[in-house]
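Participant:
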Amino acid sequence: MKGLGGAVLVFLLLNLTITCHGQLRSGFYLGKCKGGNQYFNVEALIRGVVQEEFSKLPNGPTMAAALLRLQFHDCFVTGCDASLLLDGPSSEKTAFPNLSVRGYDVIDKAKAALEKACPGVVSCSDIIAVATRDAVVLSKGLSYRVQTGRRDGFDSKKDNVNLPSPFISVKDSIAAFAAKGLNKKEMVLLLAAHTVGITHCALIRNRLYNFRNNGTRDPTMDPTLFQFLSKKCPKSDTTLGGEIALDQTPNSINVVDNGFLKQVKARKGILEIDQGLGLDPLTAEIVRSYADGPLSQKFRYDFGAAMIKLGGVGVLTGKNGEIRRTCNAVNNPKPLQPKPAGPTPVQPKPAGPTPKPAGLPSLGL
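Residue numbers (mature numbering (1 follows the signal peptide of the UniProt record, and there is no 0)): -22 to -1, 1 to 343.
(1) Taking DSSP as the reference, what is the three-state secondary structure of T304?
(2) Alpha carbons only, please: which of R302, L294, A43, C53 is nearest the one belonging to R128?
(3) With 16 as the cutoff for other CB atoms within 10 Å, does T216 come out buried or exposed?
(4) In the DSSP output, what is D130 paired with across the bridge?
(5) Specify the secondary structure class of I248 as computed by DSSP and reduced to three states.
(6) Please determine if the segment 80 to 87 and the segment 101 to 119 are in contact, where contact requires at least 3 C-beta pairs separated by less than 8 Å.
(7) Do the segment 114 to 125 and the segment 233 to 243 touch if we need at least three Cβ pairs shorter than 8 Å?
(8) If I measure Cβ to Cβ from V148 and keep anything under 6 Å in the same chain, skipping five residues before and after, which residues do I get?
(9) When we look at the beta-carbon of G237 and count the other beta-carbons within 10 Å, is it buried (16 or more) or exposed?
(10) E300: which of D104, R266, L249, S151 sits nearest, CA to CA?
(11) With T177 as the anchor, note down where its beta strand (DSSP E) starts and where it stops.
(12) Report the partner residues of G294 according to the DSSP bridge assignment.
(13) Per DSSP, which residues does Y17 bridge with? Please list them.
(14) Is F50 near M41, with beta carbons less than 8 Å apart?
(15) Looking only at DSSP bridge pairs, what is E221 linked to?
(16) With a CB to CB cut of under 8 Å and the five nearest residues on each side skipped, what residues in its chain are close to K57?
(17) Alpha carbon to alpha carbon, how far is P142 from S214?
(18) Please go through the same chain and pick out, in chain order, the residues whose beta-carbon is closer than 6 Å to the beta-carbon of A180, but skip the five residues on each side of it.
(19) Note down the Cα distance separating F145 from I176, rounded to an integer number of angstroms.
(20) DSSP on R3, reduced to helix/strand/coil?
(21) Kindly indicate which residue of N19, L207, R3, Q1 has the alpha-carbon position closest to the one of G9.
(22) By Cβ distance below 7 Å, which residues in the same chain neighbour A284 in space, the five residues on each side in sequence not counted?
(23) Please report the residue range of the alpha helix (DSSP H) in which I85 lies.
(24) Is DSSP giving P335 helix, strand or coil here?
(25) So what's S274 in DSSP terms, helix, strand or just coil?
(26) Alpha carbon to alpha carbon, how far is N191 from E93?
(27) Which residues mark the beginning and the end of the alpha helix (DSSP H) in which T56 is found?
(28) Less than 8 Å between the beta carbons of G81 and L48, yes or no?
(29) Alpha carbon to alpha carbon, how far is K208 from Y187?
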């Protein structure tokens, strides 16, 4: 039986490697990274950087959470084009949901190693995908074959950032993911990346003390979880507050597993959208199946498949985009346009109420 289980796992892994998305494919860089008389293994170079950074305490073990969130925030805006990495006074980095994104340094170090080995060959968008996979594996997730061949985008605009918030309804979340070509099962799997995620008290106080402006706690929250969270996040504290693990499974905060979904099934989801997955009829059965039902043993495999699907959203391939020399800047930036002479004309105010500012914190994958 043990041998049969191994054979099934090998079959699953092989099956996971043969599906291509668009012009992306596994092994895109084989034979392409040549420096002098030597060929380099692109994914091995990236893996070496990730492993080195992962070993550094205290932040190393949290790298999977950081890179999963970075990849999601990049792919969910204009596609997986590394636009999030670009610097600028109004780039995506400056949007409110992205102010706490981490992992840029890991991508930059991997890019520097690759540019030294074979300049101008490997895109920053591919580095994000490969490095994220490697961090998942180091966090006890199952490896998956990353498809490569992406190219990097030219534009990065703060105004393009419209990420789903932690307060979004399940119905609206399904619509947001569907707009990116992701179905509701893939949505649940990708949100299950919260198994290594954290949040802050500021994003859950409404569930604790004023759920939907009714002056009381969210009635769907497990009472023991409420007691724990109310001590960590007192009502009198109006600051950002301390960090809260989104997966409260003991010894599982930095492990990619289905513990998060088990917590959600037990009404111990931390964010409103997390708990909604376990309660809404649209997704409750998916949560149950992966938590302790017939799909529980397939969670890590299916999570990898969902990450492959996410990595194919809005990619640039072929002659589109470019291979950046550094990940935080395009190769040939457009010159700044001179400001027109004379006073700046005053824009008339729009009629009606002033709209609320955009930029709710994202789901934080």
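Where a beta carbon is used, it is the ideal one built from N, C-alpha and C, also for glycine.
Facilitator: Walking through what the data contain:
(1) Locating residue 304 in the sequence shown gives position 326, where the first residue counts as 1. T304: strand per DSSP, three-state reduction.
(2) For this step, residue 128 is matched to residue 150 along the sequence shown. If we check each option's Cα against that of R128, L294 comes out closest.
(3) Residue mapping note: residue 216 aligns to position 238 of the sequence shown, counting from 1. It counts as exposed.
(4) Mapped onto the sequence shown, residue 130 falls at position 152. Note: D130 sits in a beta bridge opposite E300.
(5) By one-based count along the sequence shown, residue 248 stands at place 270. Note: I248 maps to coil in three-state DSSP.
(6) yes
(7) yes
(8) By one-based count along the sequence shown, residue 148 stands at place 170. The residues are G254, D258, L260, T261.
(9) Counting from 1 along the sequence shown, the entry for residue 237 is found at position 259. By the neighbour-count rule (16 or more Cβ atoms within 10 Å), G237 is buried.
(10) Taking the first residue of the sequence shown as 1, we reach residue 300 at position 322. The candidate whose alpha carbon is nearest that of E300 is D104.
(11) Counted from its first residue, the sequence shown places residue 177 at position 199. Going by DSSP, T177 is part of the beta strand (DSSP E) stretching over 176 to 178.
(12) Reading the sequence shown from its first residue, position 316 is the one you call residue 294. Sequence inspection shows Leu at residue 294; the Gly mentioned does not correspond to that position. Answer is R129, bridged to L294.
(13) Mapped onto the sequence shown, residue 17 falls at position 39. DSSP lists K12 as partners of Y17.
(14) As a first step, residue 50 is located in the sequence shown; it is residue number 72 there, counting from the start. As a first step, residue 41 is located in the sequence shown; it is residue number 63 there, counting from the start. Against a cut-off of 8 Å, the Cβ pair of M41 and F50 comes out as no contact.
(15) For the purposes of this step, residue 221 is taken as the residue at position 243 of the sequence shown. Answer by DSSP bridge pairing, in chain order: H178.
(16) On the sequence shown, residue 57 is found 79 positions in, with the first residue counted as 1. Before going further, note that residue 57 is Gly rather than Lys in the sequence given. Hits under 8 Å: G131, V291, G292, V293, L294.
(17) Here residue 142 refers to the residue found at position 164 when the sequence shown is read from its first residue. Here residue 214 refers to the residue found at position 236 when the sequence shown is read from its first residue. If you take the alpha carbons of P142 and S214, they lie about 28 Å apart.
(18) Position 202 of the sequence shown, counting from 1, holds the residue named residue 180. Taking C-beta separations shorter than 6 Å and ignoring five residues to either side along the sequence, the partners of A180 in its chain run L218, G219, following chain order.
(19) Counting from 1 along the sequence shown, the entry for residue 145 is found at position 167. Counting from 1 along the sequence shown, the entry for residue 176 is found at position 198. Approximately 15 Å between the Cα atoms of the pair.
(20) Taking the sequence shown and counting its residues from 1, one reaches residue 3 at position 25. R3: strand per DSSP, three-state reduction.
(21) Here the question's residue 9 lines up with position 31 in the sequence shown. The candidate whose alpha carbon is nearest that of G9 is N19.
(22) For the purposes of this step, residue 284 is taken as residue 306 along the sequence shown, with counting starting at 1. Closer than 7 Å at Cβ, skipping near neighbours: E164, L167, L168.
(23) On the sequence shown, position 107 is the one that residue 85 refers to. Residues 82 to 95.
(24) Start at 1 with the first residue of the sequence shown, and residue 335 comes out as number 357. Unreliable placement is indicated for P335, whose pLDDT of 36 sits below 50; the coordinate value is still reported in the next sentence. Three-state result, P335: coil.
(25) Mapped onto the sequence shown, residue 274 falls at position 296. Of the three classes helix, strand and coil, the one that applies to S274 here is helix, per DSSP.
(26) The residue labelled residue 191 in the question sits at position 213 within the sequence shown. The residue labelled residue 93 in the question sits at position 115 within the sequence shown. C-alpha separation (whole angstroms): 53 Å.
(27) For this step, residue 56 is matched to residue 78 along the sequence shown. Element bounds for T56: 41 to 56.
(28) Numbered from 1 along the sequence shown, position 103 holds the residue referred to as residue 81. Numbered from 1 along the sequence shown, position 70 holds the residue referred to as residue 48. Cβ atoms of G81 and L48: closer than 8 Å.
(29) Mapped onto the sequence shown, residue 208 falls at position 230. Mapped onto the sequence shown, residue 187 falls at position 209. Contrary to the premise, residue 208 reads as Ser rather than Lys in this sequence. Taking the straight line from one Cα to the other gives about 9 Å.
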